[in-house]
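Line order of the protein sequences matches chains E and R.
Okay, so the first sequence: first residue is 70 according to the numbering used here, each after it adds one.
Okay, so the second sequence: first residue is 10 according to the numbering used here, each after it adds one.
Since the structure comes first, as structure tokens, the remarks are kept for the end.
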Amino acid sequence: MTEAILRQIIDYAHRANPYPLYAELRKTPVYHDADGPFVISRYYDIQSLLHDPRISSDARNLRAPAGGGPLAAEADEETALPPSFLRLDPPEHDRLRRMTNRPFGPPHTPRRVHEMHGELKDIVSGLIDGIDSPDRIDLVDQFSYPFPVTVICRLLGVPREDEARFHSWADIIAASLDPDPGADADERAKVSHNARTELGMYLAGLIEERRKKPGDDMLSQLSTAGGPDGVMTTMEVLSTAALLLIAGHETTVNLITNGMLTLLRNPDVLERLRKDPNLAVPIVEELLRFEPPVQLVPQRTTVADIEVRGVTIPKGASLWLVLAAGNRDPDRFEDPDRFNPDRGDIQHLGFGSGIHSCFGAPLARLEAQLALSELARRLENPRLLEDPPPYRQNAVLRGPRHLPIACDGIRP
Amino acid sequence: MSADGSLDRLKREGRIVVVGASLAGLRAAETLREEGFAGSLTMIGDEPYEPYDRPPLSKQVLLGRATADRTGLPRHRAIDAQWRLGVPATGLDMAARRVRLADGDEVEYDRLLIATGVRARPWPQEDEAELDGVFVLRTRDDADALERSLAQGPRRVLVIGAGFTGSEIASACRERGIAVTVAERADAPLVGALGGVVGEVAAELHRKHGVDLRCGVMVTRLEGDSAGHVRAAHFSDGNTIQADVVVVSLGAQRNTEWLAGSGLGAGPRGIACDAGCRAFDIRGIVTDDIYVAGDVARSPHPLFGYQFLSLEHWGNAVAQAETAAHNMLSDSADRRPHIWVPAFWSSQFGVNIKSVGVPSMGTEILIAQGSRSEHRFTGVYGYQGRVIGAVTFDQTKWLQFYQQLIETTAPFPPAFPTVDRRPEGQQPMPADFPDPSVPTHGPTVTLSGYAPDDRRLTFTPARH
């Protein structure tokens with residue numbers, strides 16, 4: 070029975086509602102079979118492993134690549150780019166993350182995200198203004214996809230006219246993170262490799278331009294700004310930029326889409342948000358618990374034998390931390406399957422925790438808060454046209470591919 | 010509920026008095042209301058201000074980034090209290106259940122919470138302490154006065170004492186471009202709290218940021234000019250330095266004098282209480298109506314050999330206040346112990362320092378992650394073969410793991426490898442706490458014996 074659970078979670082048939090499977094998984098807190106990864110699904114276990122210095126993010130510490138097949142631990146990027154800080158341990162991780170943070174957040178740039186508020190709002194307004202047939206809106210294509218993409222491109226300093234090329238590369242690369250390689254793994258790997266190479270070449274060109282003529286975008290700052298850690302090498306800027314770009318593309322989209330879907334399923338909350346935009350703050354936090362855009366972290370490995378709930382996980386093993394299952398652990402959250410923005414105690418795992426906790430969290434929060442409060446305010450009598458909506462293939466970065474909705478009109 | 014309904018009555022119409030209107034007092038008051046206390050609540054504070062936050066005073070306020078009047082503590086809920094601010098409590102009549110105030114008033118209580126905290130230890134020579142330009146830093150007014158003086162661009166500041174507060178003051182001065190000398194009696198900054206191995210890193214930070222750090226010396230005399238303004242300080246090594254601002258940062262004294270003669274087990278080391286925050290009287294018998302919380306409390310901690318711990322920690326004040334308030338309104342079976350694991354943080358010279366457990370009990374230290382030379386590392390303290398404390402310099406996010414090791418009395422040295430373990434982290438070394446017979450102002454945790462009314466016991470960091 071348990072053997073089947075992991076396969077079922079990966080299986081697209083369960084994409085729309087994996088939560089009953091996660092509940093089943095939690096019954097075996099350290100789940101493991103034959104060649105597969107050790108799967109951790111309880112809140113407190115995940116929380117403590119995310120802070121455990123015996124857990125590595127560096128793929129080089131894997132004993133051996135797991136045995137392939139649909140449950141292969143790594144759909145690892147075979148790529149010309151060196152690993153980004155997401156896939157590194159300290160001290161390299163710390164140095165790169167620190168340097169990336171300089172132009173993005175406190176202490177050196179404390180107001181960067183805050184100061185994007187006006188610009189973000191304009192983008193949101195523009196996208197909602199552009200909805201011309203309220204009787205059938207695809208929220209993903211018309212809103213929740215273009216919004217964060219525009220934002221991340223502006224933040225990095227990617228010209229608007231190149232956004233479309235970015236979409237396709239980012240799509241392919243994000244798809245490669247899906248643990249289920251599907252029918253033709255070789256073909257997929259090739260396509261993904263090509264996308265990475267093209268993205269890398271494109272970014273290299275941009276960095277070259279920015280070095281000559283820096284702007285106030287992050288790409289300029291990453292490739293020119295110095296600090297106690299010096300300046301990033303070109304390769305480091307490339308893999309960092311690629312990381313921010315992919316993360317900026319593929320997560321906030323799902324947060325916003327899952328958010329609107331959840332609100333439409335909970336019309337009383339939607340109505341409250343319409344009247345009080347400040348409610349967006351607790352709503353987004355509860356969404357990060359209830360429908361986290363990153364469902365699981367499949368990229369950890371052990372550098373020592375460690376014991377979790379009496380089970381010894383050997384050195385070099387692959388670990389999956391199922392954040393979305395931990396977020397609904399009844400040992401941690403009361404009535405966890407209920408969407409309840411009035412919950413006071415909400416230390417969710419939606420952004421992970423520890424040294425790899427989501428770098429873009431402040432931006433993602435602001436984007437989702439603005440997006441949901443504006444959608445609630447401006448869409449008149451919105452309703453779902455399809456429930457559940459069609460989902461994307463990806464089990465890790467989970468979210469609807471389309472979200473068809475209708476409304477009676479757009480308020481000014 | 011108690012069988013005779015007295016708790017019900019207390020909750021409905023009782024009188025609770027909180028002496029000490031700072032962090033612990035406020036959080037206790039909020040918890041009392043949260044748990045359904047509907048009676049009368051009186052908050053007594055010696056300062057004229059409503060509760061404010063102290064950590065920013067030695068950081069943002071000294072940097073001129075925030076003003077001292079803007080550090081008011083956020084309120085979690087309305088507490089509907091009678092405030093008696095600017096009026097110190099002067100005495101306690103345990104039999105009559107009354108608190109005497111400086112203005113001659115008396116306030117009756119059914120339950121009393123004492124959260125009077127600590128104050129800065131002043132410069133021992135009174136005439137020198139009164140010179141213009143000599144400061145301590147504990148209160149809002151202190152911070153305000155010191156900041157104004159720094160804003161005038163003194164030529165040199167002397168900080169006496171390189172504990173956490175002293176080091177933060179020195180750091181703020183350097184950030185403002187002010188020349189600063191730090192005089193420390195021990196061999197390095199922070200040694201009392203973190204030991205010599207970590208103290209060495211702290212000394213490097215001072216020097217790297219241009220502090221004139223003098224260790225192993227005492228200031229023997231402060232000298233004023235004819236106008237009564239401080240102008241120089243004389244050191245025990247025969248040196249003299251010119252300074253127009255002197256900050257005395259020699260630790261804190263517990264505010265217990267007002268309880269002298271009351272019969273409560275209160276003294277220079279604080280007020281002894283049980284793990285449920287109930288105060289002891291001088292006979293070592295626990296009271297049932299007097300509770301203690303925050304810096305002034307001293308309570309036994311099961312995890313640390315039932316030693317009585319006094320903790321000048323922000324988080325301890327909050328947790329202990331909540332526990333005290335809960336227990337005040339509870340039957341014995343529903344009471345909770347205060348078993349908070351000590352933790353504190355400091356920010357100086359651009360480095361975030363955090364610690365858990367009781368490092369000063371440690372005899373050995375292992376650099377488990379990172380490197381001291383990079384000023385980013387995690388140090389783990391060992392005591393009799395178990396992990397007893399941990400400190401991080403700019404590695405806060407690992408600390409939770411080491412806290413778990415402390416809580417589960419994990420063996421020391423830890424037997425496993427970690428990410429970012431360096432060659433210097435392969436073997437533990439002596440943690441190098443100073444000889445306890447040499448007084449330093451450093452420790453933020455003081456450990457003493459087992460009997461709450463035994464004042465002969467002194468602070469002794471564990472050594473072989």
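Positions of the beta carbon are idealized from the N, C-alpha and C atoms, including for glycine.
Quick caveat, the model's predicted, so the values are computed rather than measured.
In chain E, which residues lie less than 9 Å from residue i when you measure between Cβ atoms?
i	result
R385 of chain R	P159, P160 and D163
How would you write the range of the alpha helix (DSSP H) that residue i sits in, first residue to last?
i	result
G219 of chain R	Note, G219 of chain R: premise wrong, no alpha helix (DSSP H); not H, not E.
W238 of chain E	E232 to A244
R164 of chain E	E161 to N170
N361 of chain R	Per DSSP, N361 of chain R belongs to no alpha helix (DSSP H); it is in the beta strand (DSSP E), V360 to G366.
G317 of chain E	T303 to E319
G274 of chain E	A254 to K281
T178 of chain E	No alpha helix (DSSP H) contains T178 of chain E, which DSSP labels as neither H nor E.
V218 of chain E	P215 to L225
I88 of chain R	Careful: I88 of chain R lies outside any alpha helix (DSSP H) and carries neither H nor E.
T174 of chain R	F173 to E184
Q438 of chain E	A430 to R447
L339 of chain E	P336 to K344
Q413 of chain R	L408 to E416
Looking at the secondary structure, which residues open and close the beta strand (DSSP E) in which residue i lies?
i	result
S158 of chain R	Counting along the chain, S158 of chain R falls outside any beta strand (DSSP E), though it belongs to the alpha helix (DSSP H) covering R149 to A160.
L1 of chain R	With chain R covering only 10 through 473, there is no way to say anything about residue 1 of chain R.
A105 of chain R	It is not in any beta strand (DSSP E) - A105 of chain R carries neither H nor E in the DSSP assignment.
I415 of chain E	From DSSP, I415 of chain E is part of no beta strand (DSSP E); its letter is neither H nor E.
V396 of chain R	R395 to F402
F46 of chain R	It is not in any beta strand (DSSP E) - F46 of chain R carries neither H nor E in the DSSP assignment.
N386 of chain R	Sequence inspection shows Phe at residue 386 of chain R; the Asn mentioned does not correspond to that position. Its beta strand (DSSP E) spans residues R385 to Y392.
E373 of chain R	E373 to S380
V116 of chain R	E115 to E117
V168 of chain R	V166 to I169
Since residue i meets chain R, which of its residues come closer than 9 Å, beta carbon to beta carbon?
i	result
G328 of chain E	Ordered by position in chain R, no residue passes the 9 Å Cβ test against G328 of chain E, which lies about 28 Å from the chain.
For residue i versus residue j, is the C-beta spacing smaller than 8 Å?
i	j	result
E44 of chain R	H85 of chain R	no
A111 of chain R	P97 of chain R	yes
V108 of chain R	V26 of chain R	yes
T80 of chain R	P65 of chain R	yes
A192 of chain R	R164 of chain R	no
V367 of chain R	P351 of chain R	yes
W92 of chain R	H120 of chain E	no
M287 of chain E	L208 of chain E	no
V239 of chain R	V166 of chain R	no
V396 of chain R	Y411 of chain R	yes
A197 of chain R	A211 of chain R	yes
I192 of chain E	I200 of chain E	no
G475 of chain R	G23 of chain R	This structure does not reach residue 475 of chain R, given that chain R is present from 10 up to 473, and the question cannot be answered.
G126 of chain R	G303 of chain R	yes
R430 of chain R	Q378 of chain R	yes
V353 of chain E	R412 of chain E	no
R106 of chain R	D298 of chain R	yes
G371 of chain R	G394 of chain R	no
P473 of chain E	L444 of chain E	no
So which residues on chain R does residue i lean against when the C-beta distance must stay under 7 Å?
i	result
S544 of chain E	Coverage of chain E is limited to positions 70 through 481, which leaves residue 544 of chain E absent and any answer about it impossible.
Which chain E residues sit within Cβ distance under 8 Å of residue i?
i	result
Q378 of chain R	P122 and P159
Against chain R, which members of the region 107-121 of chain E pass a CB distance test of less than 7 Å? Residues of the region 107-121 of chain E with a Cβ closer than 7 Å to any Cβ of chain R, in chain order: S117, H120 and D121.
Report the start-end ranges of each alpha helix (DSSP H) in the region 266-352 of chain R that is 4 residues or longer and not cut off at the edges. DSSP runs (the alpha helix (DSSP H)) wholly in the region 266-352 of chain R: 323-337.
Taking Cβ-Cβ distances below 7 Å as the criterion, which residues of the region 403-434 of chain R are in contact with chain E? Answer set for the region 403-434 of chain R: K406, W407, Q409, F410, Q413, F425, P426, T427, V428 and D429.
According to a CB-to-CB cut-off of less than 7 Å, which residues of the region 419-431 of chain E neighbour chain R? Listed in chain order, the positions of the region 419-431 of chain E with a beta carbon within less than 7 Å of a beta carbon of chain R are G423 and I424.
Considering only residues of the region 78-108 of chain E, which uninterrupted alpha helix (DSSP H) runs meet the minimum length of 4 residues and lie entirely inside it, listed in chain order? Counting whole runs of 4 or more residues, the region 78-108 of chain E contains the alpha helix (DSSP H) stretches 88-95.
When you check each C-beta in the region 60-91 of chain R against every C-beta of chain E, which residues fall closer than 8 Å? Cβ contacts with chain E: none found.
At a Cβ cut of 8 Å, what residues of the region 359-375 of chain E count as close to chain R, listed as they run along the chain? Listed by position along the chain: V372, A373, D374 and I375.
Which full runs of the beta strand (DSSP E) of 3+ residues lie inside the region 220-254 of chain R, going along the chain? Fully enclosed beta strand (DSSP E) runs of no fewer than 3 residues occupy 221-224, 228-233, 239-244 and 249-251 of the region 220-254 of chain R, in order along the chain.
Could you tell me which whole alpha helix (DSSP H) segments of length 4 or greater appear in the region 349-396 of chain E? Taken in chain order, the complete alpha helix (DSSP H) segments of 4 residues or longer contained in the region 349-396 of chain E are 349-359 and 392-395.
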